[in-house]
Amino acid sequence: MNVQEALNLLKQKGYKYTEKREHMIGYFVKENRYRTAKDLQENMEPNYTGISFDTIYRNLHLFDQLGILESTELNGEKHFRLKCDHHHHHHFICKSCGVTKEIHHCPMEQISQELNQFMIEDHKFEIYGFCPSCQ
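Just so you know, we're using this note's numbering here: the sequence shown kicks off at 3 and counts up by one.
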């Protein structure tokens, strides 16, 4: 997903365009890794003096709900990244810098056999550790 696709999705869902929202989405496009609300606030502060953490977090939550961003929890804190919009895959996530690597194997093939009497609606598989740069 790119900035324009995300802004179009916001508009389709009845939300208005703002420069702040465009900046937020652009930040995640540029970073291409998991980042926190605090990281985003520090990035926005020079251009939007006094921007509140509540404003940041409300928009991040909205973007997550709309499928613009995806989220995970690392070290007790919510982290966000731009939603992957291609084939089914999972992620390795660096606990230090938030960089991700796609994992193309899906463990659900084996797990679903164990859960054959259960109705599975969705799943998420993440592996946490440290990338080569952070080791």
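Ideal Cβ placement from N, Cα and C applies to all residues, glycine included.
Alpha-carbon to alpha-carbon, residue j and residue i
i, j, result
"tyrosine 50", "glutamate 104", "34 Å"
"histidine 63", "arginine 35", "17 Å"
"serine 114", "lysine 80", "28 Å"
"glutamate 7", "isoleucine 70", "9 Å"
"isoleucine 53", "asparagine 10", "24 Å"
"alanine 39", "glutamine 112", "36 Å"
Minimum C-alpha distance to residue i - residue among the options
i, options, result
"cysteine 108", "Cys96, His125, Arg23, Met3", "His125"
"glutamate 123", "Cys133, Met110, Pro134", "Met110"
"histidine 106", "Ile27, His91, Lys13, Lys85", "His91"
"cysteine 133", "Lys40, Phe127, Phe120, Ile95", "Ile95"
"isoleucine 58", "Lys32, His89, Glu21, Leu76", "Glu21"
"lysine 85", "Asn118, Arg60, Ile27", "Ile27"
Assigned secondary structure, residue i (DSSP; H/G/I helix, E/B strand, else coil)
i, result
"threonine 102", "strand"
"lysine 15", "coil"
Enclosing alpha helix (DSSP H) for residue i [first to last residue]
i, result
"isoleucine 95", "No alpha helix (DSSP H) holds isoleucine 95; the beta strand (DSSP E) holding it covers 92 to 96."
"histidine 63", "55 to 68"
| request: List in chain order: all unbroken beta strand (DSSP E) runs of 3+ residues lying wholly within the region 106 to 131. | output: Scanning the region 106 to 131 for uninterrupted beta strand (DSSP E) segments of 3 residues or longer gives 128 to 131, listed from N- to C-terminal end.
| task | May I have a chain-ordered list of the alpha helix (DSSP H) segments no shorter than 4 residues that lie completely inside the region 19 to 49? | result | Complete alpha helix (DSSP H) runs here, min 4: 21 to 33, 39 to 46.
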